[in-house]
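So the protein lines, in turn, are chains H and A.
Read left to right, the first sequence gives residues 2 to 276 (this note's numbering).
Read left to right, the second sequence gives residues 59 to 204 (this note's numbering).
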Amino acid sequence: MKRKIVAVLLALILITAAGCSSNDNQAQTEAESNSQLGTLEFKANGEDFVRQGFVSKDGWNISFDHVYLTLSEINAYITDPPYEAEEHKAIEADNMVSLPGTFTVNLAEGGEDADTISVGTIEVPAGFYNAISWKMIQAASGDAEGNTILIIGSASKDSKTIPFRIGIDKEYQYYAGEYVGNERKGIVEPGSTADLEMTFHFNHIFGDADTPAEDGLNAAAIGFAPFAALAQDGKIDAVAEDIESGFSTEEYNKYLEILPTLGHVGEGHAFAEEL
Amino acid sequence: MKRYISIVVLIFIFMVNLSGTAMAHGVVFEYHSSMTYIITGNYDDGTPLSEAQVTVYAPDDPKNAWKTGSSDDEGKYFFTPDISKPGIWTIQFRKAGHGGTVNIEVGEESAVSSSSAYSSAQMAIMAIAVIWGLIGTALYFKKEKK
Numbered sequence: 002m003k004r005k006i007v008a009v010l011l012a013l014i015l016i017t018a019a020g021c022s023s024n025d026n027q028a029q030t031e032a033e034s035n036s037q038l039g040t041l042e043f044k045a046n047g048e049d050f051v052r053q054g055f056v057s058k059d060g061w062n063i064s065f066d067h068v069y070l071t072l073s074e075i076n077a078y079i080t081d082p083p084y085e086a087e088e089h090k091a092i093e094a095d096n097m098v099s100l101p102g103t104f105t106v107n108l109a110e111g112g113e114d115a116d117t118i119s120v121g122t123i124e125v126p127a128g129f130y131n132a133i134s135w136k137m138i139q140a141a142s143g144d145a146e147g148n149t150i151l152i153i154g155s156a157s158k159d160s161k162t163i164p165f166r167i168g169i170d171k172e173y174q175y176y177a178g179e180y181v182g183n184e185r186k187g188i189v190e191p192g193s194t195a196d197l198e199m200t201f202h203f204n205h206i207f208g209d210a211d212t213p214a215e216d217g218l219n220a221a222a223i224g225f226a227p228f229a230a231l232a233q234d235g236k237i238d239a240v241a242e243d244i245e246s247g248f249s250t251e252e253y254n255k256y257l258e259i260l261p262t263l264g265h266v267g268e269g270h271a272f273a274e275e276l
Numbered sequence: 059m060k061r062y063i064s065i066v067v068l069i070f071i072f073m074v075n076l077s078g079t080a081m082a083h084g085v086v087f088e089y090h091s092s093m094t095y096i097i098t099g100n101y102d103d104g105t106p107l108s109e110a111q112v113t114v115y116a117p118d119d120p121k122n123a124w125k126t127g128s129s130d131d132e133g134k135y136f137f138t139p140d141i142s143k144p145g146i147w148t149i150q151f152r153k154a155g156h157g158g159t160v161n162i163e164v165g166e167e168s169a170v171s172s173s174s175a176y177s178s179a180q181m182a183i184m185a186i187a188v189i190w191g192l193i194g195t196a197l198y199f200k201k202e203k204k
């Protein structure tokens with residue numbers, strides 16, 4: 002009897018060990034699968050509004066020579082459940098990859114039909130990177146020094162043309178879910194390249210004549226007229242302090258509400274926190 | 059400008075159409091079940107996201123659209139997933155530079171969660187506990203025989 006009991010117990014132990022071993026093998030296989038590498042490219046996009054120019058809600062024909070923007074701490078995530086910016090909180094994910102460095106990019110670079118601006122690439126484990134975060138900070142050096150965004154161009158209306166140089170110094174941390182657009186981005190397959198995009202909607206500041214006046218976008222935008230009012234000697238050269246002192250209180254408050262909404266992922270909303 | 063889209067799943071309808079199979083007059087019935095979600099897209103000021111371009115991605119092919127369509131005048135889109143494809147389905151609404159995403163988990167949630175609930179170490183501890191229980195039971199009956 003004693004031998005039978007021992008035999009049964011040994012059998013049970015072997016079965017259990019085999020089960021654990023099977024699970025460990027499965028875990029190992031998953032790890033091997035996840036360790037297959039691909040390339041993730043981070044891009045910044047001011048869309049056709051920046052590349053081709055547009056007419057503001059108050060009729061100014063705006064074109065851009067340079068739109069400098071400084072980005073830092075760019076991270077991509079695999080989130081489950083998917084991150085939703087409408088929940089207004091930071092991204093929580095076990096799987097995060099980072100693009101090291103700080104980058105000042107010119108969104109107007111390359112002309113009307115230029116490709117989206119490449120910020121950098123990293124090797125990452127294959128997977129669907131369905132969330133992204135980044136900081137928009139002041140440039141430490143270069144043409145845009147001291148500005149998070151520096152917009153250089155010209156605006157025309159009624160045969161009047163005003164060259165402008167507008168600086169923005171507010172810094173923001175952005176969190177966003179998956180890209181919303183013509184294609185699905187962020188799906189990295191082994192040995193291949195996928196991209197994620199940080200999109201910036203400058204029509205949120207100036208409004209868009211092609212959009213109905215009553216549309217929420219135009220209702221929130223301040224247009225170009227408040228900037229035109231800052232012109233001296235036929236040109237606008239306004240840094241953050243000039244804008245704060247030159248705008249009316251109502252215009253400035255509206256302007257402050259608009260700035261954090263510049264960051265998007267394609268047409269998808271991002272959650273922004275001021276730094 | 060807070061100009062994002064709040065996409066709200068308003069109603070979840072689980073429709074079950076049942077009928078029997080009958081032989082009389084050669085009429086044959088079939089039955090099937092399906093579930094349909096009514097997804098409503100609104101701007102954050104409450105205006106319906108009407109006639110928006112809608113793209114649906116299935117969990118087994120995240121790269122390619124499973125279906126495309128458009129919302130109605132009230133911003134509603136009727137979404138009937140293929141229930142043989144469990145997992146997270148993604149539905150994107152887009153219109154004139156505005157867009158948003160809603161993710162809906164379909165089917166087999168419990169099976170998925172139970173398969174990943176315990177680590178190997180936890181499983182080993184549970185197995186040892188079971189074996190220890192068997193030893194105790196065996197010793198109890200052995201003692202009774204004596």
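For each residue, glycine too, the CB sits at the ideal point set by N, CA and C.
For G147 (chain H), the closest alpha carbon among the candidates H:H67, H:D216 and H:E172 is that of H:E172.
Distance from the Cα of I169 (chain H) is smallest, within the candidate group H:G208, H:V98, H:E110 and H:E242, for H:E242. Only those residues of the region 187-216 of chain H whose C-beta falls short of 8 Å from the nearest C-beta of chain A are listed: I188, H202, N204, H205 and T212.
Across the set A:Q111, A:I149, A:A196 and A:D118, the C-alpha of A:D118 shows the shortest separation from the C-alpha of S142 (chain A). Interface criterion met: the Cβ of D81 (chain H) is under 9 Å from a Cβ in chain A. The alpha-carbon of F55 (chain H) is positioned some 15 Å away from that of A214 (chain H).
Ranked by Cα distance from S155 (chain H), the first of H:F43, H:E268, H:V266 and H:Q53 is H:Q53. For A195 (chain H), there is no enclosing alpha helix (DSSP H); the residue is found in the beta strand (DSSP E) stretching over T194 to F201. Only those residues of the region 106-133 of chain A whose C-beta falls short of 7 Å from the nearest C-beta of chain H are listed: Y115, P120 and K121. In chain order, T159 make up the part of chain A whose C-beta sits under 7 Å from the C-beta of E179 (chain H). Beta-bridge pairing by DSSP links R185 (chain H) to no other residue.
The Cβ-Cβ distance between G158 (chain A) and G99 (chain A) falls below 9 Å. C-alpha of S160 (chain H) to C-alpha of A86 (chain H): approximately 43 Å in a straight line.
Rounded to the nearest whole angstrom, the C-alpha separation of K58 (chain H) and I167 (chain H) is 18 Å. Residues of the region 137-156 of chain A with a C-beta less than 9 Å from any C-beta of chain H: I146, T148, Q150, F151, R152, K153, A154, G155 and H156, listed in chain order. Taking CB atoms only, Y89 (chain A) has no neighbour in chain H less than 9 Å away.
I237 (chain H) sits in a strand when the DSSP states are folded into three classes. Check the Cα spacing between I96 (chain A) and each of A:A123, A:T195 and A:I162: the tightest is with A:I162. As the crow flies, the alpha-carbon of Q37 (chain H) is around 39 Å from that of A145 (chain H). At a beta-carbon threshold of 7 Å, the residues of chain A lying near F129 (chain H) are P120, ordered along the chain. Contact between F203 (chain H) and G121 (chain H) is absent: CB atoms are separated by about 22 Å, not below the 8 Å threshold. The continuous alpha helix (DSSP H) containing G217 (chain H) extends over residues G217 to A221.
Sequence-distant partners of E132 (chain A) (beyond 5 residues in either direction) whose C-beta falls short of 6 Å from its own C-beta, in its chain, are P106. Between H265 (chain H) and A195 (chain H), the CB-CB gap reaches or exceeds 9 Å.
Within chain A, the residues R152, G155, H156 and G157 have their CB atoms less than 7 Å from the CB of E268 (chain H), given in chain order.
Judged by their CB atoms, I153 (chain H) and D211 (chain H) are not nearer to each other than the 9 Å cut-off. At a cut-off of 9 Å between beta carbons, Y198 (chain A) makes no contact with chain H. For the C-beta of R185 (chain H), the chain A residues within less than 7 Å are, from N- to C-terminus, Y115, P120 and K121. With a threshold of 16 other beta carbon atoms within 10 Å, S129 (chain A) meets it and is buried. Per the DSSP secondary-structure output, E163 (chain A) pairs in a beta bridge with A:I146. Three or more Cβ pairs closer than 8 Å define a contact, and the region 186-193 of chain H falls short of that threshold against the region 134-144 of chain H.
Close partners of Y101 (chain A) in chain H (Cβ separation under 8 Å): G217.
At a cut-off of 9 Å between beta-carbon atoms, E85 (chain H) makes contact with chain A.
Residue-level contact by beta carbon holds for G182 (chain H) and chain A, with a gap shorter than 9 Å. Beta bridge pairing from DSSP links V106 (chain H) with H:L70. As computed with DSSP, K153 (chain A) is found in a beta bridge with A:H156.
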